[in-house]
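Going by my numbering, the sequence shown opens with residue 11, and the numbers climb by one from there. Ideal Cβ placement from N, Cα and C applies to all residues, glycine included. Because the structure is a prediction, the values reported are computed rather than measured. Each remark here refers to the structure printed beneath this line.
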Amino acid sequence: MILHYSTEVSIHVSDNLEDVLSQIGMNANDIALAKSKVLRPAYPNDLYTPLPDRQTTFTCIPTDKIIGTTRSTPGQSVFDNVCFVPDSKRHSDKFKRYFGELSRYGSLDSTRKSFAILIDPVDVNYYTDSDEYFVERDGNHRALTAMLIGAPYIKARVHNLECFRSCPCFLSIP
């Protein structure tokens with residue numbers, strides 16, 4: 011299972027990602043789901059503050075509640091964020107390495123479960139008002155890969171944030 015890349019300008023484009031996903035056991039519905047989940051930007055930092063009474067926690071979070079990553083392109087799907095990698099945002103070599111490692115788990119189900127037991131958790135901000143997560147700092151590639159293959163959970167270092175304004179901030183953000 012090898013990802014083949016071609017280069018156009020400064021963008022690495024995977025020209026066989028659907029084939030690779032099929033080879034690891036993903037069906038057309040799984041791939042369609044990855045193509046339909048559109049990522050969003052983080053909520054404005056000036057509206058959110060860390061909760062003073064809560065420490066950072068380590069836990070498994072549902073990947074379907076991740077709205078985006080600092081290195082993803084908002085407005086694009088999870089699939090497109092892995093398939094079309096701007097050099098300035100993500101390193102395509104990391105995706106190549108992750109896909110190379112997928113075969114060691116034996117089955118798609120085992121691979122999906124492996125994200126919940128990662129040695130290094132991803133760093134996420136948890137927006138308590140909207141019950142959503144955004145990957146900050148470390149873990150962009152791991153989170154995108156987990157979402158792409160349909161992993162239900164990923165191990166995370168969670169930083170709880172709360173909107174300090176009286177209005178529900180998350181409702182006004184597309």
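| Item | Value |
| --- | --- |
| Asn170, DSSP secondary structure in three states | strand |
| Range of the contiguous alpha helix (DSSP H) that encloses Val92 | 88-93 |
| Simplified DSSP state of Asp130, which is helix, strand or coil | coil |
| Ala166 beta carbon less than 9 Å from that of Thr80 | no |
| Secondary structure of Ile34, DSSP reduced to three states | coil |
| Three-state class that DSSP yields for Thr83 in the structure shown | coil |
| Cβ neighbour criterion (16 or more within 10 Å) applied to Asp141 | exposed |
| Which of helix, strand or coil DSSP assigns to Asn150 | helix |
| Three-state secondary structure assigned by DSSP to Gly78 | strand |
| Candidates Leu118, Ala52, Thr59, Phe94, of which the one nearest Lys75 by Cα | Ala52 |
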